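Colleague: Take the position in the sequence shown, starting the count at 1, then add 184; the result is the number in my numbering. Glycine included, each C-beta is placed from N, C-alpha and C at the ideal position. Predicted, not measured: the structure shown is a model, and the values here were computed from it.
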Amino acid sequence: MGVNSQNIFCSIGSFDHIVLTVKDLHNTVTFYTDVMNMNLETYIAKNDNTERISVTFGNQKINIHSYDNPHKEHAKIPTPGSADLCFLSNNSVQDWIKYLNLKGIHIVDGPVKRNGANGEILSIYIRDPDGNLIEIAEEI
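If you want it as structure tokens, here you go:
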């Protein structure tokens, strides 16, 4: 006897993690820890006992995989520089502009108003070492 899908409702509550495929683990970790002020975590993967790298902030986690050593399972075409991520900041965009200028990080665009998941945001854009578009936003 099959399951009648009309009687079952499933939904997603939140992200657990995302994966960034990168060219250079060291450069990526340095950017996300030293510029974005995220926390570095290393751990042993349950499925294959290999050491893995991630960065965390709040309740969020970004796993970092090298493009030349994809883990199972992985994206069909793992490609460095193909991500476009928006991070909500605890600080104002103006504070980020000052901070990024001190760090020597080029601001690609902004500040500009955008539509965020929960309303209007004010954003600036930078690129990580692989060229991923990184949006830093404050809710307005």
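To the nearest angstrom, how far is the alpha carbon of Ala-314 from that of Cys-194?
Modeller: Reading off the sequence, residue 314 comes out as Asp, not Ala. Cα to Cα, the separation comes out at about 36 Å.
Colleague: Which ranges would you report for the alpha helix (DSSP H) in the segment 206 to 291 if only whole runs of at least 4 residues count?
Modeller: With a minimum length of 4 residues, the continuous alpha helix (DSSP H) runs that stay inside the segment 206 to 291 are 209 to 214, 277 to 287.
Colleague: Could you check the C-alpha separation between Val-219 and Ile-192 for me, to the nearest Å?
Modeller: Each residue's alpha carbon lies about 45 Å from the other.
Colleague: With which residues is Gly-300 paired in a DSSP beta bridge?
Modeller: According to DSSP, which records beta bridges pairwise, Gly-300 is partnered with Gly-303.
Colleague: Is the segment 206 to 217 in contact with the segment 226 to 234, if contact means three or more CB pairs nearer than 8 Å?
Modeller: Taking 8 Å as the limit for Cβ pairs, the verdict is that the segment 226 to 234 does not touch the segment 206 to 217.
Colleague: Could you please give me the residues that DSSP links to Ile-310 through a beta bridge?
Modeller: DSSP, once it has assigned bridges, lists Ile-318 as partnering Ile-310.
Colleague: Below 8 Å, can you find three or more Cβ-Cβ pairs linking the segment 274 to 294 to the segment 244 to 258?
Modeller: Verdict: no, contact absent.
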